[in-house]
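Enquirer: Attaching a single structure in structure tokens format; questions to follow.
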Amino acid sequence: MKKLIQYTGISLLLLGAEYITAQLPVLSDPVVEKIDISFQFLEGPVWMDGKILFSDIPANKVYQWTEEDGSSVFLEPSGNSNGLALDSQGRLLLAQHGKRQVAVLLENNSDSTLAGEYEGKRLNSPNDITVRSDDAFYFTDPPYGINPADSELGYSGIYLYTASGELRLMDKSLNRPNGIVLSPDESILYVSDSEARKIYTWETDGDTILNKTLFASMSPPGNADGMKTDGNGFLYATGPAG
Numbered sequence: 033m034k035k036l037i038q039y040t041g042i043s044l045l046l047l048g049a050e051y052i053t054a055q056l057p058v059l060s061d062p063v064v065e066k067i068d069i070s071f072q073f074l075e076g077p078v079w080m081d082g083k084i085l086f087s088d089i090p091a092n093k094v095y096q097w098t099e100e101d102g103s104s105v106f107l108e109p110s111g112n113s114n115g116l117a118l119d120s121q122g123r124l125l126l127a128q129h130g131k132r133q134v135a136v137l138l139e140n141n142s143d144s145t146l147a148g149e150y151e152g153k154r155l156n157s158p159n160d161i162t163v164r165s166d167d168a169f170y171f172t173d174p175p176y177g178i179n180p181a182d183s184e185l186g187y188s189g190i191y192l193y194t195a196s197g198e199l200r201l202m203d204k205s206l207n208r209p210n211g212i213v214l215s216p217d218e219s220i221l222y223v224s225d226s227e228a229r230k231i232y233t234w235e236t237d238g239d240t241i242l243n244k245t246l247f248a249s250m251s252p253p254g255n256a257d258g259m260k261t262d263g264n265g266f267l268y269a270t271g272p273a274g
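Its first residue numbered 33, the sequence shown is counted upward by one per residue in our numbering.
Written as structure tokens, this is what we have:
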């Protein structure tokens with residue numbers, strides 16, 4: 033199977049907040065190939081059961097792509113999903129802009145709300161998700177999917193949905209928290225603030241985070257949206273011009 037990467041831009045960062053080019057993972061004869069351009073606004077790619085799933089937010093769909101069959105609709109409506117993630121049971125979690133919630137997809141393709149309110153107020157528009165090994169998950173909640181005036185909370189948050197099903201606010205200091213991901217050992221939480229063009233880290237301690245630190249600052253047009261880490265601790269951040 034070809035190793036395909038569809039991207040707007042990719043930047044590679046390592047712990048220590050310095051840009052690097054050495055000791056990166058190497059693919060033999062890598063190919064970057066445009067595989068489909070028939071979508072509106074894509075987010076949230078995740079690999080599941082031999083296929084890539086991804087959200088098309090304004091189309092209100094989750095698509096699937098395989099090398100054999102190309103692209104097809106996996107879920108419609110999707111709640112205008114953005115970020116997607118899998119838990120240890122293989123269940124699909126969706127950050128749903130339209131429904132202003134994080135939900136889990138059930139076997140009949142309906143969804144069940146996991147997090148929709150905090151202290152009696154609706155979330156803004158959950159954006160991205162990262163899942164811990166115990167199936168607790170962190171997510172970002174900027175107002176990108178709503179008119180900011182419609183925010184009941186009045187701030188953009190980073191939340192933890194604990195393994196016991198409790199929703200906790202971790203931080204509300206960022207203007208537009210966007211991409212979110214854990215380090216391989218789950219000791220560091222990375223979050224991009226797309227409005228500030230910065231990436232921050234926190235140390236994790238059980239169900240708390242502490243020691244907010246500026247990890248990277250980017251000059252226009254550089255920015256960070258979605259992010260992933262690999263097994264060696266490299267951080268991959270997507271965005272305009274990388």
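Ideal placement from N, C-alpha and C gives every residue a C-beta, glycine not left out.
Being a predicted model, the structure only gives us computed values, none of them experimental.
#1: Distance, Cα to Cα, M202 vs V223?
#2: Going along the chain, which residues of its own chain have a beta-carbon closer than 8 Å to the beta-carbon of T162, five neighbours each way excluded?
#3: Cα separation between G76 and G258?
#4: Could you check if T236 is buried or exposed, using at least 16 other CB atoms within 10 Å of its CB as the buried criterion?
#5: On the CB-based measure, 16 or more other CB atoms within 10 Å of its CB, does A195 come out buried or exposed?
#6: Assuming contact is defined by CB atoms lying nearer than 8 Å, are P216 and G177 in contact in what I supplied?
#7: With distances taken Cα to Cα, identify the nearest neighbour of T270 among I231, K244, D101.
#8: Taking 8 Å as the cut-off, decide whether the C-beta atoms of N114 and H129 are in contact.
#9: Straight-line CA distance for D61 to D182?
#10: Return the chain-ordered ranges of every beta strand (DSSP E) run that is complete within the region 117 to 148 and spans a minimum of 3 residues.
#11: Counting only the same chain and skipping the five closest in sequence on each side, list residues whose C-beta sits under 6 Å from that of Y51.
#12: What ranges does the beta strand (DSSP E) occupy inside the region 196 to 221, keeping only unbroken runs of at least 3 residues that lie completely in it?
#13: Out of L155, P90, E65, D68, state which residue places its alpha-carbon closest to the alpha-carbon of G111.
#14: Have a look at S103 and S70 and give me their C-alpha separation to the nearest angstrom.
#15: Check each candidate in D173, F247, E65 and name the one with the smallest Cα separation from S157.
#16: Whose C-alpha, out of G122, L85, D119, is nearest the C-alpha of L107?
#17: The beta strand (DSSP E) that contains N243, what's its start and end?
#18: Is A269 helix, strand or coil when you go by DSSP?
Expert: In this structure, then:
#1: Taking the sequence shown and counting its residues from 1, one reaches residue 202 at position 170. Taking the sequence shown and counting its residues from 1, one reaches residue 223 at position 191. Cα to Cα, the separation comes out at about 12 Å.
#2: On the sequence shown, position 130 is the one that residue 162 refers to. Shown here for T162: same chain residues with a beta carbon closer than 8 Å to its own, the five before and five after excluded, namely A117, F169, Y170, F171, I212, V213, L214, L221 in chain order.
#3: Start at 1 with the first residue of the sequence shown, and residue 76 comes out as number 44. Start at 1 with the first residue of the sequence shown, and residue 258 comes out as number 226. A straight-line Cα-Cα distance of about 8 Å links G76 and G258.
#4: Residue numbering aside, residue 236 sits at position 204 when the sequence shown is read from its first letter. With 16 or more Cβ atoms within 10 Å of its Cβ, T236 is classed as buried.
#5: Position 163 of the sequence shown, counted from the start, is the residue given in the question as residue 195. Its Cβ having fewer than 16 others within 10 Å, A195 is exposed.
#6: Position 184 of the sequence shown, counted from the first residue, corresponds to residue 216. Position 145 of the sequence shown, counted from the first residue, corresponds to residue 177. The Cβ-Cβ distance between P216 and G177 does not fall below 8 Å.
#7: Taking the first residue of the sequence shown as 1, we reach residue 270 at position 238. Checked all of I231, K244, D101; the closest Cα to T270 is I231.
#8: Along the sequence shown, read from residue 1 onward, the residue named residue 114 stands at position 82. Along the sequence shown, read from residue 1 onward, the residue named residue 129 stands at position 97. With respect to H129, N114 sits close: the two C-beta atoms are nearer than 8 Å.
#9: Taking the first residue of the sequence shown as position 1, residue 61 is located at position 29. Taking the first residue of the sequence shown as position 1, residue 182 is located at position 150. The straight-line gap from Cα to Cα measures roughly 49 Å.
#10: Counting only runs of 3 or more, we get 124 to 128, 133 to 137, 143 to 147.
#11: Here residue 51 corresponds to residue number 19 of the sequence shown, with the count starting at 1. Low confidence applies here, because Y51 scores a pLDDT of 43, under 50, leaving its location unreliable and the question unanswered by this model.
#12: For the region 196 to 221, whole beta strand (DSSP E) runs of length 3 or above, ordered along the chain, are 199 to 203, 209 to 214.
#13: Locating residue 111 in the sequence shown gives position 79, counting from the first residue. Its Cα nearest to that of G111, the residue P90 stands out among L155, P90, E65, D68.
#14: Counting from 1 along the sequence shown, the entry for residue 103 is found at position 71. Counting from 1 along the sequence shown, the entry for residue 70 is found at position 38. Looking at the two C-alpha atoms, the distance is approximately 9 Å.
#15: Taking the sequence shown and counting its residues from 1, one reaches residue 157 at position 125. Looking from the CA of S157, the closest CA among D173, F247, E65 belongs to D173.
#16: Within the sequence shown, residue 107 is the residue found at index 75, counting from 1. When the alpha-carbon of L107 is set against those of G122, L85, D119, the nearest one is in L85.
#17: For this step, residue 243 is matched to residue 211 along the sequence shown. N243: member of the beta strand (DSSP E) spanning 240 to 249, first to last residue.
#18: In the sequence shown, residue 269 corresponds to position 237, counting from 1. Three-state DSSP puts A269 in a strand.
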